[in-house]
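A.B. asks: Encoded as structure tokens, here's the structure I'll be asking about.
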Amino acid sequence: MAAHGTANEFIARLYEAKLARAAKLPDPAADGEELLRRRERLASLLRIPLAQENAVPPDAELLERTDQGAYIRERVEIGTRDGLRMPMYVLLPKTASASSPAPAVLALHGHGYGSRELVGLTPDGRDEPEGTGIHKHFALSLVKRGLAVIVPELLGFGERRLEEDSRLDENPADMRNSSCYKLSSFLTHLGETLAERSSRIWRQRWMNASVPSY
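Count the sequence shown with our numbering and you get residues 3 to 216, in order.
This is how it looks when you write it as structure tokens:
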């Protein structure tokens with residue numbers, strides 16, 4: 003038992019309170035109207051309607067496509083806002099078909115070397131089935147369970163770092179040095195955030211549950 007008034011005690015108490023509250027909530031899987039209400043509230047919180055009004059054509063381009071046995075791995079690039087281009091990996095299970103499409107999930111990487119860290123690749127693009135970092139190539143676990151997985155390269159990481167940071171790479175491991183802090187600081191002074199700048203295009207695509215066509 004954590005001592006009263008400590009950070010550990012606070013976190014434990016908050017966790018138990020959230021669990022108790024969740025147990026009293028209606029099960030959305032058993033109530034279609036409740037599911038719709040939650041969906042609409044989430045759309046409002048994420049400003050989905052605003053994103054839809056300002057959406058831009060994806061202008062998708064297929065960069066590569068490789069057969070990975072149980073699934074297909076594609077590298078795709080789309081346009082987002084203000085002329086930005088965003089590469090991503092799309093993992094498609096072979097169990098899916100036009101008559102039986104796979105449910106889609108958006109897999110977002112954290113700090114590291116970007117989207118490759120989720121899909122079984124090293125920083126320089128070589129195959130690495132067993133992930134050694136914090137991400138553990140978790141997108142592979144999802145596609146092997148029958149999900150279509152979209153793994154975008156978030157702004158400030160991997161191939162989307164600032165040129166000044168990319169030029170400092172002396173070996174593949176240096177790709178872990180992101181531009182996150184520099185971009186975040188710059189955008190904050192302009193009244194924006196890096197998360198908002200990276201995610202606006204996905205608000206619409208996630209709610210529509212669609213994979214860009216190309």
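Glycine is no exception: its CB is placed at the ideal position from the N, C-alpha and C atoms. These figures come from a predicted structure and were not determined experimentally.
Taking its Cβ as the centre, do 16 or more other Cβ atoms sit within 10 Å of residue 20, making it buried, or is it exposed?
C.D. replies: For the purposes of this step, residue 20 is taken as the residue at position 18 of the sequence shown. By the neighbour-count rule (16 or more Cβ atoms within 10 Å), residue 20 is not buried but exposed.
A.B. asks: Looking at residue 116: is its Cβ nearer than 9 Å to the Cβ of residue 161?
C.D. replies: As a first step, residue 116 is located in the sequence shown; it is residue number 114 there, counting from the start. As a first step, residue 161 is located in the sequence shown; it is residue number 159 there, counting from the start. Yes, they are a contact pair.
A.B. asks: Pair every Cβ in the region 101-115 with every Cβ in the region 148-157, then say whether three or more of these pairs are closer than 8 Å.
C.D. replies: Judged by Cβ distances under 8 Å, the region 101-115 makes contact with the region 148-157, as three or more pairs qualify.
A.B. asks: Just the C-alpha distance for residue 11 and residue 180, rounded to the nearest angstrom, thanks.
C.D. replies: One-based indexing of the sequence shown puts residue 11 at position 9. One-based indexing of the sequence shown puts residue 180 at position 178. Approximately 34 Å, taken between the alpha carbons.
A.B. asks: Would you give the residue range spanned by the alpha helix (DSSP H) that residue 79 belongs to?
C.D. replies: Residue numbering aside, residue 79 sits at position 77 when the sequence shown is read from its first letter. Where residue 79 is concerned, there is no enclosing alpha helix (DSSP H), although the beta strand (DSSP E) it sits in stretches over 73-81.
A.B. asks: Nearest-angstrom Cα distance between residue 84 and residue 173?
C.D. replies: Looking up residue 84 in the sequence shown gives position 82. Looking up residue 173 in the sequence shown gives position 171. When rounded, the distance between both Cα atoms is 31 Å.
A.B. asks: Enumerated in chain order, which unbroken segments of the beta strand (DSSP E) with a length of 3 residues or greater are wholly contained in the region 108-167?
C.D. replies: With a minimum length of 3 residues, the continuous beta strand (DSSP E) runs that stay inside the region 108-167 are 150-154.
A.B. asks: With a 10 Å radius around its C-beta and 16 neighbouring C-beta atoms as the bar for buried, classify residue 119 as buried or exposed.
C.D. replies: What you label residue 119 is simply residue 117 of the sequence shown in a count that begins at 1. Buried.
A.B. asks: Confirm, please, whether the CB-CB distance from residue 26 to residue 72 is below 9 Å.
C.D. replies: Counting from 1 along the sequence shown, the entry for residue 72 is found at position 70. Counting from 1 along the sequence shown, the entry for residue 26 is found at position 24. Going by C-beta atoms, residue 72 is not nearer than 9 Å to residue 26.
A.B. asks: Any idea if residue 188 is buried or exposed, counting beta-carbon neighbours within 10 angstroms, 16 or more meaning buried?
C.D. replies: For the purposes of this step, residue 188 is taken as the residue at position 186 of the sequence shown. Exposed is the call here.
A.B. asks: Less than 9 Å separating the beta-carbons of residue 93 and residue 78?
C.D. replies: For the purposes of this step, residue 93 is taken as the residue at position 91 of the sequence shown. For the purposes of this step, residue 78 is taken as the residue at position 76 of the sequence shown. Against a cut-off of 9 Å, the Cβ pair of residue 78 and residue 93 comes out as no contact.
A.B. asks: Tell me the rounded alpha-carbon separation between residue 28 and residue 42.
C.D. replies: Here residue 28 refers to the residue found at position 26 when the sequence shown is read from its first residue. Here residue 42 refers to the residue found at position 40 when the sequence shown is read from its first residue. Looking at the two C-alpha atoms, the distance is approximately 16 Å.
A.B. asks: Throw me the rounded Cβ distance for the residue 225 and residue 114 pair, which I believe falls under 8 Å.
C.D. replies: No information on residue 225 is available, as it lies outside the stretch 3 to 216 that the chain covers here.
A.B. asks: Determine the burial state of residue 125: buried for a count of at least 16 other Cβ atoms within 10 Å of its Cβ, exposed for fewer.
C.D. replies: In the sequence shown, the residue the question calls residue 125 occupies position 123. The residue is buried, with at least 16 neighbouring Cβ atoms inside 10 Å.
A.B. asks: Looking at the unbroken alpha helix (DSSP H) that takes in residue 190, where does it start and where does it end?
C.D. replies: As a first step, residue 190 must be located in the sequence shown, where it is residue number 188. Residues 182-191.
A.B. asks: On the three-state DSSP scale, how would you describe residue 60?
C.D. replies: What you label residue 60 is simply residue 58 of the sequence shown in a count that begins at 1. Residue 60: coil per DSSP, three-state reduction.
A.B. asks: Express the C-alpha separation of residue 169 and residue 137 in angstroms, rounding to a whole number.
C.D. replies: By 1-based counting over the sequence shown, the position of residue 137 is 135. By 1-based counting over the sequence shown, the position of residue 169 is 167. Going from the Cα of residue 137 to the Cα of residue 169 covers about 25 Å.
A.B. asks: Where does the unbroken alpha helix (DSSP H) through residue 44 begin, and where does it stop?
C.D. replies: Along the sequence shown, one-based indexing puts residue 44 at 42. Segment 34-47, the alpha helix (DSSP H) holding residue 44.
A.B. asks: Compare the beta carbon distance of residue 60 and residue 81 with 9 Å and say whether it is the shorter of the two.
C.D. replies: Here residue 60 is taken as the residue at index 58 of the sequence shown, counted from 1. Here residue 81 is taken as the residue at index 79 of the sequence shown, counted from 1. Going by C-beta atoms, residue 60 is nearer than 9 Å to residue 81.
A.B. asks: Could you have a look at residue 66 and say whether DSSP puts it in helix, strand or coil?
C.D. replies: Position 64 of the sequence shown, counted from the first residue, corresponds to residue 66. Three-state result, residue 66: strand.
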